[in-house]
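Just so you know, my numbering puts 74 at position 71 of the sequence shown, and the rest follows in order with no gaps. Ideal Cβ placement from N, Cα and C applies to all residues, glycine included.
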Amino acid sequence: MGLFDFMIGEIAMDLGTANTLIIYNGKIVVDSPSIVARDIRNGKIIAVGKEASLMQGKTHENIKTVRPLKDGVIADFDASEKMISWFIKNIPELNKGFFSRALRMVVCIPSGITAVEMRAVKESCERVNGKEVYLIHEPMAAAIGIGLDVMQPKGNIIVDIGGGTTEIAVIALGGIVCDKSIKIAGDVFTSDVLYYMRTHHNLYIGEATAERIKIDVGAALEELEDAPDDITVRGRDLLTGKPKEVKISYKEIARAIDKSIQRIEDAIMVTLSLTPPELAADIYNTGLYLAGGGAMLRGLDKRISQKTDLPVYIAEDPLRAVVIGTGVVLKDIPKYKMLLIK
Numbered sequence: 004m005g006l007f008d009f010m011i012g013e014i015a016m017d018l019g020t021a022n023t024l025i026i027y028n029g030k031i032v033v034d035s036p037s038i039v040a041r042d043i044r045n046g047k048i049i050a051v052g053k054e055a056s057l058m059q060g061k062t063h064e065n066i067k068t069v070r071p072l073k074d075g076v077i078a079d080f081d082a083s084e085k086m087i088s089w090f091i092k093n094i095p096e097l098n099k100g101f102f103s104r105a106l107r108m109v110v111c112i113p114s115g116i117t118a119v120e121m122r123a124v125k126e127s128c129e130r131v132n133g134k135e136v137y138l139i140h141e142p143m144a145a146a147i148g149i150g151l152d153v154m155q156p157k158g159n160i161i162v163d164i165g166g167g168t169t170e171i172a173v174i175a176l177g178g179i180v181c182d183k184s185i186k187i188a189g190d191v192f193t194s195d196v197l198y199y200m201r202t203h204h205n206l207y208i209g210e211a212t213a214e215r216i217k218i219d220v221g222a223a224l225e226e227l228e229d230a231p232d233d234i235t236v237r238g239r240d241l242l243t244g245k246p247k248e249v250k251i252s253y254k255e256i257a258r259a260i261d262k263s264i265q266r267i268e269d270a271i272m273v274t275l276s277l278t279p280p281e282l283a284a285d286i287y288n289t290g291l292y293l294a295g296g297g298a299m300l301r302g303l304d305k306r307i308s309q310k311t312d313l314p315v316y317i318a319e320d321p322l323r324a325v326v327i328g329t330g331v332v333l334k335d336i337p338k339y340k341m342l343l344i345k
């Protein structure tokens with residue numbers, strides 16, 4: 004404990020393509036969509052997070068909704084900075100005093116990130132009063148969040164399917180032995196659903212509707228034991244231009260996203276083929292762990308298990324596994340020093 008530690012606020016942040024989560028004082032204080040609504044006339048940010056996501060697809064020409072992160076990295080520097088700043092300002096416990104506190108931050112980043120993209124994340128955090136900024140790779144944070152002891156001389160394989168990227172990593176002795184990061188994840192599944200609705204039902208729908216279909220009836224297999232009910236989808240008929248509705252079943256969505264899931268399976272197989280034999284022996288016993296929002300896709304664990312012949316376990320709270328792991332690291336930075344990128 005330093006003399007001025009009371010002047011420093013400590014936060015752990017999962018800056019995701021789809022959602023941003025922040026932990027302060029061991030509690031998740033921000034869990035919001037990574038989206039910003041901007042007034043084009045003056046460049047002002049008018050809404051962030053949940054409020055901005057409600058505007059998506061419903062704006063007029065003067066308002067534009069922007070997702071500052073694409074494929075897990077910052078695509079719009081200005082919007083991302085304002086978004087992070089907005090989220091931090093809205094943490095009441097952090098802004099009690101008369102002055103804004105300096106921040107010690109642990110932020111997670113995709114494992115396939117370049118040095119330039121890493122610097123963009125770091126600079127964004129420094130501009131919102133981040134005095135000490137540490138970065139940690141997402142699969143490592145997910146492994147810690149699931150409850151694995153990453154320091155042991157034992158191999159574990161983590162698959163973190165987020166909004167922009169799928170991160171696959173074999174972890175042992177506090178380091179990533181081999182990894183693969185592919186830009187196929189939740190956003191691509193959403194695009195697949197949009198394309199399927201256009202080509203098979205002549206129905207034009209928005210991104211928010213496609214996202215809802217994915218959550219309500221998304222599946223990785225066409226045969227499920229506990230199948231969800233069909234849902235009604237409304238949009239614009241591409242032939243007549245009139246609004247119309249159609250019924251959609253989980254089997255159709257399984258067909259729509261099948262090719263994208265195949266590419267994730269292929270990436271897992273490539274990572275396994277690069278794994279050293281001693282770690283492969285460990286993985287045969289420990290199995291494969293799934294984290295991230297994509298892990299909640301019905302039947303995905305079963306499908307990956309059939310492909311890899313490994314037991315597949317889904318994290319207890321897949322959406323929050325990464326930020327929980329980042330929070331654990333924040334509490335004990337000296338212990339996890341070797342995992343962090345300063």
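TODO: Kindly give me the distance between the Cβ atoms of Ile-31 and Trp-89, rounded to whole angstroms, as I take these residues to be in contact under 8 Å.
DONE: Incorrect: roughly 17 Å between the Cβ atoms, too far for contact.
Task: Helix, strand or coil at Thr-23 [DSSP, three-state] - done: strand
Task: Extent of the continuous alpha helix (DSSP H) run through Asp-104 - done: The sequence given here places Arg at residue 104; Asp does not occur at that position. It is not in any alpha helix (DSSP H) - Arg-104 carries neither H nor E in the DSSP assignment.
- [ ] Please say whether Ile-271 and Leu-138 have beta carbons closer to each other than 8 Å?
- [x] no
TODO: Give the secondary structure of Ala-318 by DSSP, where H, G and I count as helix, E and B as strand, and everything else as coil.
DONE: coil
- [ ] Using three-state DSSP, classify Pro-71 as helix, strand or coil.
- [x] coil
- [ ] Please say whether Ser-35 and Gly-19 have beta carbons closer to each other than 8 Å?
- [x] no
Open item on the list: I need the straight-line Cα distance from Thr-329 to Asp-233, nearest angstrom please.
Closed with: 38 Å
Open item on the list: Only counting the same chain, and skipping five residues up and downstream in sequence, which positions put a Cβ closer than 7 Å to that of Ala-268?
Closed with: In the sequence as presented, Ala is not what sits at residue 268; that position holds Glu. For Glu-268, where only same-chain residues beyond five positions count, the Cβ hits under 7 Å are Ile-307, Lys-310.
Open item on the list: If we require 3 or more residues per run, which beta strand (DSSP E) segments fall completely within the segment 164–223?
Closed with: 169–175, 178–185
- [ ] Let me know the secondary structure DSSP gives Met-4 once reduced to three states.
- [x] With a pLDDT of 45 at Met-4, under the threshold of 50, the predicted position of this residue should be treated as unreliable, though the coordinate-derived value follows. The answer is coil: DSSP assigns Met-4 none of H, G, I, E or B.
Task: N-terminal and C-terminal residue of the alpha helix (DSSP H) that Asp-304 is part of - done: 303–311
Open item on the list: Please report the straight-line C-alpha distance between Asp-335 and Leu-342, rounded to a whole angstrom.
Closed with: 12 Å
Task: Contacting residues, own chain, Cβ-Cβ under 6 Å from Leu-313 (five flanking each side not counted) - done: Gly-290, Leu-291
Open item on the list: If I measure Cβ to Cβ from Gly-12 and keep anything under 6 Å in the same chain, skipping five residues before and after, which residues do I get?
Closed with: Leu-97, Arg-104, Leu-106
Task: Backbone CA spacing between Tyr-198 and Asn-132 [nearest angstrom] - done: 42 Å
Task: Bounding residues of the alpha helix (DSSP H) (the contiguous stretch that carries Tyr-253) - done: 253–259
Task: Distance between Asp-163 and Tyr-339 (C-alpha atoms, nearest Å) - done: 20 Å
Task: CB contact flag (Val-191, Ile-216, <8 Å) - done: no
- [ ] Can you have a look at His-140 and say buried or exposed, based on whether 16 or more other CB atoms are within 10 angstroms of its CB?
- [x] buried
- [ ] May I have the straight-line CA-CA distance separating Leu-57 from Lys-67, to the nearest angstrom?
- [x] 12 Å
- [ ] Count the other C-beta atoms from every protein chain shown that fall within 10 angstroms of the C-beta of Asp-229, then say buried if there are 16 or more, exposed otherwise.
- [x] exposed
Open item on the list: Could you give the first and the last residue of the continuous beta strand (DSSP E) run that contains Val-131?
Closed with: Premise fails: Val-131 is in no beta strand (DSSP E) and is neither H nor E.
Task: Closest residue to Val-76 among Leu-275, Leu-176, Leu-333, Gly-165 (Cα-Cα distance) - done: Gly-165
Task: Neighbour-count burial assignment, Ser-276, 16 or more Cβ in a 10 Å radius - done: exposed
Open item on the list: Excluding the 5 residues flanking Lys-186 on each side, which residues of the same chain have their C-beta closer than 6 Å to its C-beta?
Closed with: Asp-74, Thr-168
- [ ] Look at the Cβ atom of Val-236, then the Cβ atom of Leu-206, and state whether they are nearer than 8 Å.
- [x] yes
Task: 7 Å Cβ shell around Pro-321 - same chain, five flanking residues per side excluded - done: Leu-293, Ala-294, Gly-295, Gly-296, Ala-298, Met-299
Task: Status (buried if at least 16 other CB within 10 Å, exposed otherwise) for Asp-152 - done: exposed
Open item on the list: Tell me which residues share the same chain as Val-110 and place their Cβ nearer than 7 Å to its Cβ, disregarding the 5 neighbours each side in the sequence.
Closed with: Met-16, Leu-18, Val-124, Cys-128, Val-136, Leu-138
- [ ] Give me whichever residues DSSP pairs with Ala-294 in a beta bridge.
- [x] Asp-163
Task: Cut-off 8 Å between Cβ atoms - residues of its own chain near Asn-65, not counting five sequence neighbours on either side - done: Asp-42, Ile-43, Arg-44
TODO: With a 10 Å radius around its C-beta and 16 neighbouring C-beta atoms as the bar for buried, classify Pro-246 as buried or exposed.
DONE: exposed
Task: Per-residue burial, Arg-1 [other beta carbons within 10 Å of its own, 16 or more giving buried] - done: Here the chain covers residues 4 to 345 and nothing more, so residue 1 does not appear.
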